[in-house]
Amino acid sequence: MSDDAKNVPPRPLSPPRALPPTRVLSGIQPTGRFHWGNYFGAIRQYIELQSVGESYFFIADLHALTTVREPERLRAFVRDAALDLVALGLDPVHAALFVQSDVPEVTELTWLLMTVTPMGLLERCHAFKDKKSRGMAADAGLFTYPVLMSADILAYDATIVPVGEDQVQHIEVCRDLAGTFNHLYGEVFTLPKPRLVEAGARVPGTDGQKMSKSYENTIEVFEEPSVQKKKIMRITTDSRPLEEPKEPEGDHLFDLFSLFAPAAEREAMAALYRRGGFGYGDVKKALVAAAADFFADARRRRAELAADPGTIDAILARGAERARAKAGDVLSRAKRACGLSRLPAQPAGGKA
Ligand code: TYM
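In terms of my numbering, the sequence shown is residues 16 to 367.
Printed below as a string of structure tokens:
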């Protein structure tokens with residue numbers, strides 16, 4: 016090699032490829048206190064993903080309005096939800112944490128999406144079908160719930176939506192509506208993807224069905240340890256004799272224990288199941304202890320935060336400001352695209 020050639024820096028083979036921006040978004044309803052299903056299916060993912068890109072997490076009070084009809088209870092649930100999320104590790108330095116109704120741009124966007132929503136699509140949504148089949152009054156709010164949820168997601172150009180399994184169908188609806196809108200008006204919306212974690216995608220309740228407030232089978236993250244213990248001790252189990260070996264996989268008590276136990280303890284418990292000669296009472300006691308341990312720090316942080324209400328108010332106000340800035344851009348992009356604004360559509364690539 017000549018001396019000249021040695022002085023030339025090596026040329027990169029191809030320019031580095033820009034990765035698409037990651038925007039994480041999710042919402043949670045303040046219809047009661049958070050339970051283990053909310054935590055292991057969703058909240059734990061929020062915390063894990065909050066600093067991988069821009070992130071937005073909100074308390075879905077507009078959705079909750081379809082079930083909570085007492086204003087004071089709703090206000091209290093919203094406040095508790097914010098406290099719980101921050102105590103569990105949601106960091107407002109990374110993530111915008113806000114209340115859904117503080118961003119009115121989303122309800123305006125809901126209408127735009129409503130005009131491209133086929134009725135049949137909503138009729139097929141299982142959350143609606145399920146509630147209706149249990150005799151709950153089905154108002155238009157409940158029926159069009161997935162459209163509001165779609166606006167929640169699309170308003171922030173979200174790319175990843177961490178959720179439990181029960182929300183996947185709603186995210187498919189969102190992709191569908193975004194696709195139709197884009198087909199009609201150009202590339203307006205970013206299509207999001209759901210993100211699930213296998214172990215927590217469908218946390219069972221005390222009766223083995225999906226843990227859900229509507230099934231009254233929940234164990235709450237921050238309820239009194241004595242109440243938690245009572246619920247755990249009442250978890251339904253089968254009535255096979257003590258000596259009989261049992262298969263741990265698919266046993267909901269084992270599944271709940273597995274959420275908290277490190278891998279080695281989980282394996283040891285699985286071996287105990289397969290060997291037989293133990294009582295479900297022992298597993299329940301182990302679960303009580305593991306859960307208490309797991310949430311001990313969060314419980315302490317929650318007590319500290321609760322003593323300082325101004326902090327949560329400031330976090331929510333700052334979160335709403337960040338959220339509104341982003342949602343405002345997306346809304347005006349959508350309005351221009353469909354002819355609601357006197358301004359012409361933004362050229363392709365005008366996406367924020
Ligand atoms: P919500 O409030 O019912 O539940 C909040 C989150 O908790 C998850 N989850 C579970 N995960 C695993 N096992 C369970 N047993 C369990 N129970 C609940 C849910 O899947 C969810 O991720 N429609 C949403 C709220 C919402 C939203 C959004 C979510 C409104 N707009 C936009 C994402 C994006 C709901 O009712 O979640």
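Ideal Cβ positions, reconstructed from N, Cα and C, are used throughout, including at glycine.
Give a single yes or no on whether residue i has its beta carbon closer than 8 Å to a heavy atom of the ligand TYM.
i: residue 48; result: no
i: residue 186; result: yes
i: residue 217; result: yes
i: residue 280; result: no
i: residue 41; result: yes
i: residue 115; result: yes
i: residue 119; result: no
i: residue 245; result: no
i: residue 180; result: yes
i: residue 164; result: yes
i: residue 176; result: yes
i: residue 167; result: yes
i: residue 197; result: no
i: residue 225; result: yes
i: residue 78; result: yes
i: residue 44; result: yes
i: residue 56; result: yes
i: residue 135; result: no
i: residue 75; result: yes
i: residue 150; result: no
Counting C-beta neighbours from all protein chains within 10 Å, is the total for residue i 16 or more, i.e. buried, or is it exposed?
i: residue 348; result: buried
i: residue 218; result: buried
i: residue 66; result: exposed
i: residue 172; result: buried
i: residue 299; result: buried
i: residue 16; result: Note that residue 16 has pLDDT 46, beneath the 50 cutoff, so the model's placement of it is unreliable and the number below is only indicative. By the 10 Å Cβ count, residue 16 comes out exposed.
i: residue 20; result: Residue confidence for residue 20 is low, a pLDDT of 49 falling below 50, so the modelled location carries little weight; the figure read from the coordinates is stated next. With fewer than 16 Cβ atoms within 10 Å of its Cβ, residue 20 is classed as exposed.
i: residue 194; result: exposed
i: residue 243; result: buried
i: residue 318; result: exposed
i: residue 174; result: buried
i: residue 429; result: The structure shown does not extend to residue 429, since the chain is modelled only from 16 through 367, so no value can be given for it.
i: residue 70; result: buried
i: residue 263; result: buried
i: residue 126; result: exposed
i: residue 134; result: exposed
i: residue 148; result: exposed
i: residue 354; result: exposed
i: residue 160; result: buried
i: residue 346; result: buried
Rounded to a whole number of angstroms, what is the C-alpha to C-alpha distance between residue i and residue j?
i: residue 76; j: residue 100; result: 15 Å
i: residue 253; j: residue 284; result: 17 Å
i: residue 361; j: residue 46; result: 39 Å
i: residue 265; j: residue 275; result: 16 Å
i: residue 156; j: residue 82; result: 10 Å
i: residue 295; j: residue 312; result: 28 Å
i: residue 95; j: residue 103; result: 12 Å
i: residue 209; j: residue 256; result: 42 Å
i: residue 190; j: residue 177; result: 15 Å
i: residue 332; j: residue 204; result: 26 Å
i: residue 201; j: residue 37; result: 22 Å
i: residue 340; j: residue 310; result: 34 Å
i: residue 198; j: residue 351; result: 15 Å
i: residue 270; j: residue 334; result: 35 Å
i: residue 343; j: residue 119; result: 9 Å
i: residue 224; j: residue 64; result: 28 Å
i: residue 301; j: residue 278; result: 14 Å
i: residue 117; j: residue 49; result: 21 Å
i: residue 129; j: residue 356; result: 18 Å
i: residue 110; j: residue 220; result: 30 Å
i: residue 53; j: residue 72; result: 13 Å
i: residue 85; j: residue 79; result: 11 Å
i: residue 97; j: residue 215; result: 22 Å
i: residue 153; j: residue 146; result: 8 Å
i: residue 89; j: residue 42; result: 16 Å
i: residue 40; j: residue 167; result: 9 Å
i: residue 258; j: residue 291; result: 5 Å
i: residue 184; j: residue 246; result: 31 Å
Taking the continuous beta strand (DSSP E) assigned at residue i, which residues delimit it?
i: residue 49; result: No beta strand (DSSP E) holds residue 49; DSSP gives it neither H nor E.
i: residue 144; result: Segment 141–148 is the alpha helix (DSSP H) holding residue 144; no beta strand (DSSP E) there.
i: residue 210; result: 208–210
i: residue 234; result: Residue 234 -> no beta strand (DSSP E), and no H or E assigned at all.
When every heavy atom of the ligand HEM is checked, does at least one fall within less than 8 Å of the C-beta of residue i?
i: residue 237; result: Among the ligands modelled here, namely the ligand TYM, the ligand HEM does not occur.
Could you please give the first and the last residue of the uninterrupted alpha helix (DSSP H) stretch that includes residue i?
i: residue 113; result: Looking at the DSSP string, residue 113 is not in any alpha helix (DSSP H); the run it does join, the beta strand (DSSP E), is 110–114.
i: residue 330; result: 324–353
i: residue 177; result: Run containing residue 177: none in the alpha helix (DSSP H); it sits in the beta strand (DSSP E), 175–177.
i: residue 227; result: Unbroken run through residue 227: none, as it is neither H nor E.
i: residue 250; result: Careful: residue 250 lies outside any alpha helix (DSSP H) and carries neither H nor E.
i: residue 273; result: 267–275
task: Please go through the region 50–106 and give each complete beta strand (DSSP E) segment of 3 or more residues, from N-terminal end onward.
output: 69–74
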